[in-house]
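Residue numbers for the sequence shown follow this note's numbering, so the first one is 55 and each next one is one higher.
Inspection log for the structure reproduced underneath, given as structure tokens.
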Amino acid sequence: MKELLTGNQALALGALQAGVEVVTGYPGTPSTGALTSLLKMTLPGRHIEWSVNEKVAFEIATGASWAGKRALCTMKMSGVNVAYDSLISVAYSGCIGGLVIYVADDPGVSAGMAEQDTRGYALMSDLPLLEPSSVAEAYRLIQTAFELSERVGTPVFFRLVTALSQSKSPVEVAPPPPPPEREPRLVRDITRFTKAGAAICQQQHRDLLARLERAGQVIREMGLNRLEPAAEPGGVGVIASGVAVAYLDEVIAGADLPTPPSVLRVAAPHPFPEEEVRALLRHCETVLVLEELEPHLERGVYVTAQRMGFTGRIVGKLDGTLSRIGEYTVAEVRRGLREAGIPLPESPPPVQADHLAAARPITVCAGCPHRGTYMAINQALKNRRLKRDEVLVTGDIGCTILGMNPPFNTVWTEIAMGASLGLAQGYVRGGVRTPVIASIGDSTFFHAGMPGLVNAIQHQCDLTLIVMDNGWT
Ligand code: SF4
Numbered sequence: 055m056k057e058l059l060t061g062n063q064a065l066a067l068g069a070l071q072a073g074v075e076v077v078t079g080y081p082g083t084p085s086t087g088a089l090t091s092l093l094k095m096t097l098p099g100r101h102i103e104w105s106v107n108e109k110v111a112f113e114i115a116t117g118a119s120w121a122g123k124r125a126l127c128t129m130k131m132s133g134v135n136v137a138y139d140s141l142i143s144v145a146y147s148g149c150i151g152g153l154v155i156y157v158a159d160d161p162g163v164s165a166g167m168a169e170q171d172t173r174g175y176a177l178m179s180d181l182p183l184l185e186p187s188s189v190a191e192a193y194r195l196i197q198t199a200f201e202l203s204e205r206v207g208t209p210v211f212f213r214l215v216t217a218l219s220q221s222k223s224p225v226e227v228a229p230p231p232p233p234p235e236r237e238p239r240l241v242r243d244i245t246r247f248t249k250a251g252a253a254i255c256q257q258q259h260r261d262l263l264a265r266l267e268r269a270g271q272v273i274r275e276m277g278l279n280r281l282e283p284a285a286e287p288g289g290v291g292v293i294a295s296g297v298a299v300a301y302l303d304e305v306i307a308g309a310d311l312p313t314p315p316s317v318l319r320v321a322a323p324h325p326f327p328e329e330e331v332r333a334l335l336r337h338c339e340t341v342l343v344l345e346e347l348e349p350h351l352e353r354g355v356y357v358t359a360q361r362m363g364f365t366g367r368i369v370g371k372l373d374g375t376l377s378r379i380g381e382y383t384v385a386e387v388r389r390g391l392r393e394a395g396i397p398l399p400e401s402p403p404p405v406q407a408d409h410l411a412a413a414r415p416i417t418v419c420a421g422c423p424h425r426g427t428y429m430a431i432n433q434a435l436k437n438r439r440l441k442r443d444e445v446l447v448t449g450d451i452g453c454t455i456l457g458m459n460p461p462f463n464t465v466w467t468e469i470a471m472g473a474s475l476g477l478a479q480g481y482v483r484g485g486v487r488t489p490v491i492a493s494i495g496d497s498t499f500f501h502a503g504m505p506g507l508v509n510a511i512q513h514q515c516d517l518t519l520i521v522m523d524n525g526w527t
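Below you can see the structure in the form of structure tokens.
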């Protein structure tokens, strides 16, 4: 049957199809919809939970995998920073049941924080990463991710970006099957599941690299990275990954090109698709690399080109043609193709509609008790005859930061989950003489704020902490 699904929903249904039994995660746009859609379903025999933070979520998923079950862990890109301490250790150990880490990146920063590219984490941890180019592909590719993970014995990153996780598309889906009947396993192997000594750790490092190489072989067998060379050698070749593939296909489909370019569509950017890139470089004179955010693939193309003695042009971010900032668009991809020498007409100028949109300053929802809290803080300062620019109020991730905006103008800072407490202590230790206030939401407090509070009490730091629990979310 066909259903209209977001990328998050397609991924979640695909995971059920793959036989996932344990799903954990921590909410954060643009990834939240995946786990939320599962919580709305009745799924006997499967465990689905929002965990206290991404590290705990990943550890639960790992335990399930080591017990032989398929497990999925979901988070936004910032969550990988929290989970990574455990993640690198588990990368060394490998997994038993398929273990997939779904991360939604946010090029264009529509949901706050940084334009962090999770492919960098895949490189750093030597783990494979799969990345679909459409909502329908997300449904199929997540199933492949579980198969790859289990065949190789390695956790696998699965990356979406905001444009794919949030957009809707019709997808052919099957009804979710019942969970597989797998007996839990108990495997005691301290050479795999502990880090007891340098010899064990170094052997695990060797095993990790061997698994990555094996993952590359399996990815080639599966044909995940598809090379379509042009009929004639020479000319332009395009390497595209993720959502850039969809933009590329749209431009090519709408153009009446006498000779379409050679195209390498990359669904598995890590490990680097060396063989396919070599084949493309042998076939083409100019290569254009289309990937959002960091030039990870492009750097690999330069290395491969240098080893092969390729003397043609490489067009992308490193020659200044394309940007490392923000989302790509069809127009940006068209511009890249034109720069590479493909005879396309210029994009029509974008329709400017900004002036039609009503101004919507970001503020707290109507009725949210946070509004009263900021007003109370401001009133308390007034009662003490203190000005707002004399009293530092640290904010935290989430809605506490809304206190930085008018009419409150209360909050001064935002760094990361739980950072309001550490930062406030730093200001106190730095000698600030006026009162220092830390403000944090309840979920953020449990996520990463508690160690900061323990530290403040241990070292008797003179600050005021306000935990904002609206009792709703
Ligand atoms: S805490 Fe909830 S109700 Fe309050 S501003 Fe944030 S989203 Fe809105």
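All C-beta atoms in this analysis are idealised placements derived from N, C-alpha and C, irrespective of residue type, glycine included.
Q. By the 10 Å Cβ neighbour count, where 16 or more other Cβ atoms means buried, how is ILE396 classified, buried or exposed?
A. So ILE396 ends up on the buried side.
Q: Have a look at the DSSP bridge pairing and note the partners of ASP516.
A: Note: ASP516 sits in no beta bridge, so no partner.
(Q) I'd like the list of long-range same chain contacts for THR216, defined as Cβ closer than 6 Å, with 5 residues on each side in sequence excluded. (A) In its chain, beyond the 5 residues on either side, PRO84, ASP160, SER164 have a beta carbon closer than 6 Å to the beta carbon of THR216.
Q: Using three-state DSSP, classify VAL521 as helix, strand or coil.
A: Reduced to three states, the DSSP call for VAL521 is strand.
Q. Heavy atom of ligand 1 less than 7 Å from the Cβ of ASN524, yes or no?
A. Checking every heavy atom of ligand 1 against the Cβ of ASN524, one is found closer than 7 Å.
Q: Would you kindly work out how many angstroms separate the C-alpha atoms of PRO461 and VAL490, rounded to a whole number?
A: Taking the straight line joining both Cα atoms gives about 21 Å.
**Q.** Check whether VAL144 and ARG213 have beta carbons under 8 Å apart
**A.** Not closer than 8 Å, so no.
Q: State yes or no: is the C-beta of THR464 within less than 8 Å of the C-beta of THR448?
A: Using a Cβ distance threshold of 8 Å, THR464 and THR448 do not count as a contacting pair.
**Q.** Residue nearest to GLY457 in terms of C-alpha spacing, selected from ARG487, CYS419, ALA307, VAL405
**A.** Checking every option, the nearest Cα to that of GLY457 belongs to CYS419.
Q: Measuring alpha carbon to alpha carbon, tell me which of PRO283, PHE247, ILE306 ends up nearest ALA385.
A: Nearest of PRO283, PHE247, ILE306 to ALA385, Cα basis: ILE306.
Q: Use the C-beta contact count for GLY525: other C-beta atoms within 10 angstroms, 16 or more gives buried, fewer gives exposed.
A: Exposed is the label assigned to GLY525, since fewer than 16 other Cβ atoms lie within 10 Å of its Cβ.
(Q) I need the DSSP call for MET178, collapsed to helix, strand or coil. (A) In this structure, DSSP gives MET178 a helical state, which the three-state scheme calls helix.
Q | According to DSSP, residues forming a beta bridge with TYR156 | A | THR128, PHE212.
Q: Can you give me the start and stop residues for the beta strand (DSSP E) that GLU226 sits inside?
A: That run of the beta strand (DSSP E) goes 222-226.
Q. Looking at the structure shown, is TRP120 part of a helix, part of a strand, or coil, going by DSSP?
A. Note: TRP120 maps to helix in three-state DSSP.
Q | Identity of the residues DSSP links to GLY79 by a beta bridge | A | DSSP lists TRP104, THR128 as the beta-bridge partner residues of GLY79.
(Q) Within a Cβ cutoff of 7 Å, which residues of the same chain sit near ALA309, ignoring the five residues on either side of it in sequence? (A) Counting only Cβ-Cβ distances below 7 Å, and skipping sequence neighbours, we find LEU398.
Q: Specify the secondary structure class of GLY61 as computed by DSSP and reduced to three states.
A: DSSP places GLY61 within a helical segment (H, G or I) once states are collapsed to three.
Q: Please report how far the alpha carbon of LEU47 lies from the alpha carbon of ARG439, in whole angstroms.
A: For residue 47 there is no data in the structure shown, the boundaries of the chain being 55 and 527.
Q. Which first and last residues belong to the beta strand (DSSP E) in which GLY495 is found?
A. In the DSSP annotation of this structure, the continuous segment of the beta strand (DSSP E) that includes GLY495 starts and ends at 490-495.
Q) Distance, Cα to Cα, PRO234 vs GLU286? A) GLU286 has its alpha-carbon roughly 49 Å from the corresponding atom of PRO234.
**Q.** Opposing strand residues paired with ALA294 [DSSP bridges]
**A.** ALA294 pairs with ARG319, LEU344.
(Q) On the DSSP letters alone, give me the boundaries of the alpha helix (DSSP H) that GLU191 sits inside. (A) It spans 189-206 - the alpha helix (DSSP H) in which GLU191 sits, taken as one unbroken run.
Q) Heavy atom of ligand 1 less than 7 Å from the Cβ of VAL418, yes or no? A) In this structure, the C-beta of VAL418 approaches ligand 1 to less than 7 Å from one of its heavy atoms.
Q | Reference PRO238; option with closest CA among GLU75, TYR356, SER474, TYR382 | A | Checking every option, the nearest Cα to that of PRO238 belongs to GLU75.
Q: Name the one or two DSSP bridge partners that LEU89 has.
A: Answer is none; LEU89 lacks a bridge partner.
Q) Going by the C-beta, is HIS424 closer than 7 Å to any heavy atom of ligand 1? A) Within 7 Å of the C-beta of HIS424 there is at least one heavy atom belonging to ligand 1.
Q | Near ligand 1: LEU214 beta-carbon under 7 Å from a heavy atom | A | Remark: the C-beta of LEU214 is outside contact range of ligand 1, defined as less than 7 Å to any heavy atom.
Q: Under the assumption that PRO325 contacts GLY289 (Cβ atoms under 8 Å), give the Cβ distance between them as a whole number of angstroms.
A: Actually they do not touch by this definition, with Cβ atoms about 28 Å apart.
Q: Give the C-beta separation of LEU58 and LYS222 to the nearest angstrom, bearing in mind that I take them to be a contact with Cβ-Cβ under 8 Å.
A: So it is a contact: roughly 5 Å between Cβ atoms.
Q.
Closest to ARG487 by C-alpha separation, out of CYS515, PHE112, MET471, GLY472, would be which residue?
A. The shortest Cα separation from ARG487 among CYS515, PHE112, MET471, GLY472 belongs to CYS515.
Q) Would you say CYS338 touches ligand 1, meaning its beta carbon is less than 7 Å from a heavy atom? A) Flag unset: Cβ of CYS338 not near ligand 1.
Q.
For ARG268, tell me which candidate among MET55, GLU204, GLN360 has the shortest Cα-Cα distance.
A. If we check each option's Cα against that of ARG268, GLU204 comes out closest.
Q: Mind listing, in chain order, the continuous alpha helix (DSSP H) runs of no fewer than 4 residues lying wholly within the region 437-503?
A: Those alpha helix (DSSP H) runs which fall completely within the region 437-503 and span 4+ residues are 473-483.
**Q.** Close beta carbons around GLU282, own chain, < 7 Å, minus the five adjacent residues each side
**A.** Taken in chain order, the residues that qualify are SER316, VAL317.
**Q.** ILE379, enclosing alpha helix (DSSP H) - first and last residue
**A.** Segment: none, ILE379 is in no alpha helix (DSSP H) and carries neither H nor E.
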